[in-house]
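Next comes the structure, spelled out in structure tokens:
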């Protein structure tokens, strides 16, 4: 459906046709359509949507659009929208709206839901509790398949997923999980007790959301149960929420690894000043660190006054060192993020990097030696650059391997030990190594 | 369950106890347990596992372990394992095993499955067809809810997911989707026709797998239908497979962005020689490109012979340029990957980067100017470095923004235009700018 069609139908007041047309549009795609309409038309079109579609479309909108809509809707209309939202989406909404909008939302929420919302709001950001939903199917182990199916029918319509059903004891402690497939293919009289799996993978409400996504990655579950410290089931995290968390965390890692302070807003949504602010802190730190490398160079003024050609190799040596360091640090950071590399592997990883360095360093030294012999016919220079490359590559790869692991050990995010910082540090070492080798061999 | 317990139970031949203990272990965790056993014990323990658990545990094993096991299993045992696997897992297995092992596998597969396998093997790598499974629940629109439930019971046991059921017409063309929740909560007599959603999001078999994962990200589906060019349903991609693809693609992006040839094997599984090989190509390219920067420097020998201090600022200018360029390129590459930035946004993005550059460049120039005035009391030098920083930052951010978009335009992976390549290119420009400004202002 095109935006022009909507405008035409609105103008000609063919609201029934419009509603029918919009019924065929996926709820996810409706916010993009609304974005191209003027303010008055937005609220008109939103009111035309069926109750269900309006609620679903609302959940996919950007915060600024939600805010505008809430201010335009009547209390009854708002109540309809909020009723359609899953509890975790309502909580997210409350967290991102300004106080006056929150007030309007809470006014239309009933007392029972308000209590649940307040509970959910207490979980720290990025915890399992903060991304879980409280709507799930709970069964008792003494139920038969028939009773279970009836229970699913009774409460299932409000559950974010009915694929997994959770078996609780009298104290609401999670004792088993049974999936809908098993219930469906079993005989009516069979007991849930005999169907449920008891080797349960669950997470605590306070668990970091990144750890939760790792479990989704490892076990192919559609949902993970979230329990409190007494092992009582309080909610579930569904896989679609996990995918969102994975994408957010990955974007954050990419930004951190490029020396940018991470933001949750998108590229175009972030203002020029925010962009500048997010990038400048690390640039300043790295710029002033690079001054150290500059200081070292001034100490060797005599060396390059005697042989000016030495200066010409500075970019190549610094560049190669930086690239080698960031190759290693990227592999280690990614390995740590996917749990493939652990802290205890530190010596195993270092030993691997050292051997890789020897091969890589030797090849680079030889190729570069050939180039220097062809261009300058200067064996001494070829040896100096070759040895410098070997040493620089080894130091760079060792630092690239060790620093992310060190960060992990200190409970910092390994992603900060990425290309920019590693490169700046490697620069210092490579310039030191370079001039030390040059002055020694060339006798300057 | 600890590895020592398994060894003890094996030694004391308490096989029944062992089987019961292993039943309580999650299938995902069994490969790690087997890895610590000697070859003979591995096959013993594997034989003790229940048929279902053995098949599931097998699907989580690393290729080398699968290969060893297949060689040790009898044909009947192998058939049991293969029967437990989903069709897409069997195809993946065939793709990663050597020819003699594939022969052994195909021998135990029945004729019907062999035909499906051959069809699946024809889809190109990284296509939707290559990651889909052919097992799903298909319904007819004339069925009642009761008939649909019976159909799910009949075939559901073999379907990777029964959450979504697919409504096909006589020609197997996909005409609707109905989820199990809706079937369960509806009256027995209701027709599937009246329950199914007809605004279907589907992908073609040849669609790139990365595009498929973007759909999962956008629409919160548990499975996406895969259709052929005639819109006939041939398979489904489930969300757990999508998560695996997302993680693989992300790892690939990280590696490409650090100038590493991507591999599918993990860090420790890749040999030292493979590691060296994967890293050396880009290092050589970048090293030889850095020689250009070196050549430029030799042209300005007179300048730094006159004022040696100029050399000391090379690392800082190159470093800052590189960091600015990789900040921009990372944001653009990530934006392209998540579809937040599109090709048509090129001028919008460039304009944003230019404005950010002006702010960032000015701040860096001022901070650095203050440092130079304190350290050297040389206003001319402060102006030269300040202007160079402003110009370098702008060029770096413009290149970092444009090159990934150019790569996308040329149907190349934008990820190759990341930090290492951008940094090397920016180096060339920044050195040129630096010495040009220095010689002009200082009159050398």
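Chains as they are written, first to last, in the numbering used here: chain Y, 36 to 479; chain E, 36 to 479. Using N, Cα and C, we set each Cβ at its ideal position, and we do this for glycine too.
Any beta-carbon of chain E closer than 8 Å to the one on residue i?
i, result
"residue 365 of chain Y", "yes"
"residue 85 of chain Y", "no"
"residue 412 of chain Y", "no"
"residue 462 of chain Y", "yes"
"residue 469 of chain Y", "no"
"residue 314 of chain Y", "yes"
"residue 438 of chain Y", "no"
"residue 404 of chain Y", "no"
"residue 359 of chain Y", "yes"
"residue 387 of chain Y", "yes"
"residue 88 of chain Y", "no"
"residue 162 of chain Y", "no"
Would residue i and residue j qualify as a contact pair, given that the criterion is a beta-carbon distance under 8 Å?
i, j, result
"residue 427 of chain E", "residue 356 of chain E", "yes"
"residue 177 of chain E", "residue 290 of chain Y", "no"
"residue 268 of chain Y", "residue 209 of chain Y", "yes"
"residue 212 of chain E", "residue 201 of chain E", "yes"
"residue 322 of chain Y", "residue 399 of chain E", "yes"
"residue 395 of chain E", "residue 315 of chain Y", "yes"
"residue 479 of chain Y", "residue 342 of chain Y", "yes"
What is the DSSP secondary structure of residue i, reduced to helix, strand or coil?
i, result
"residue 60 of chain E", "coil"
"residue 361 of chain E", "helix"
"residue 123 of chain E", "helix"
"residue 243 of chain E", "strand"
"residue 301 of chain E", "coil"
"residue 295 of chain Y", "coil"
"residue 268 of chain Y", "strand"
"residue 283 of chain E", "helix"
"residue 273 of chain E", "strand"
"residue 237 of chain E", "coil"
Span of the alpha helix (DSSP H) holding residue i?
i, result
"residue 329 of chain E", "307 to 334"
"residue 458 of chain E", "454 to 477"
"residue 202 of chain E", "Where residue 202 of chain E is concerned, there is no enclosing alpha helix (DSSP H), although the beta strand (DSSP E) it sits in stretches over 199 to 203."
"residue 407 of chain Y", "381 to 411"
"residue 148 of chain E", "146 to 156"
"residue 189 of chain Y", "180 to 190"
"residue 438 of chain Y", "414 to 444"
"residue 93 of chain Y", "86 to 94"
"residue 79 of chain E", "74 to 83"
The ligand GTP and residue i: does the residue's C-beta get closer than 7 Å to at least one heavy atom of that ligand?
i, result
"residue 60 of chain Y", "Summarising the ligand content, the structure contains no ligands, and the ligand GTP is consequently not present."
Can you find a C-beta in chain Y that's less than 8 Å from the C-beta of residue i?
i, result
"residue 149 of chain E", "no"
"residue 237 of chain E", "no"
"residue 346 of chain E", "yes"
"residue 336 of chain E", "yes"
"residue 178 of chain E", "no"
"residue 270 of chain E", "no"
"residue 375 of chain E", "yes"
"residue 201 of chain E", "no"
Please report the distance separating the alpha-carbon of residue i from that of residue j.
i, j, result
"residue 442 of chain E", "residue 179 of chain E", "52 Å"
"residue 282 of chain E", "residue 272 of chain E", "16 Å"
"residue 264 of chain E", "residue 389 of chain Y", "52 Å"
"residue 378 of chain E", "residue 434 of chain E", "15 Å"
"residue 348 of chain E", "residue 452 of chain E", "26 Å"
"residue 169 of chain E", "residue 96 of chain E", "22 Å"
"residue 401 of chain Y", "residue 149 of chain E", "52 Å"
"residue 305 of chain E", "residue 333 of chain E", "41 Å"
"residue 367 of chain E", "residue 91 of chain Y", "30 Å"
"residue 145 of chain E", "residue 99 of chain E", "25 Å"
"residue 156 of chain Y", "residue 166 of chain Y", "10 Å"
"residue 246 of chain E", "residue 376 of chain E", "15 Å"
"residue 386 of chain E", "residue 415 of chain Y", "49 Å"
"residue 87 of chain Y", "residue 42 of chain Y", "22 Å"
"residue 259 of chain Y", "residue 197 of chain E", "18 Å"
Taking residue i as part of the beta strand (DSSP E), name the residues at either end of that continuous run.
i, result
"residue 214 of chain E", "209 to 214"
"residue 258 of chain Y", "258 to 262"
"residue 108 of chain Y", "No beta strand (DSSP E) holds residue 108 of chain Y; DSSP gives it neither H nor E."
"residue 173 of chain Y", "172 to 174"
### Message
Counting only Cβ-Cβ distances shorter than 8 Å, please list the residues of the stretch 61 to 86 of chain Y near chain B, keeping chain order.
### Response
Although the question refers to chain B, the structure presented lacks it and instead comprises the protein chains Y and E.
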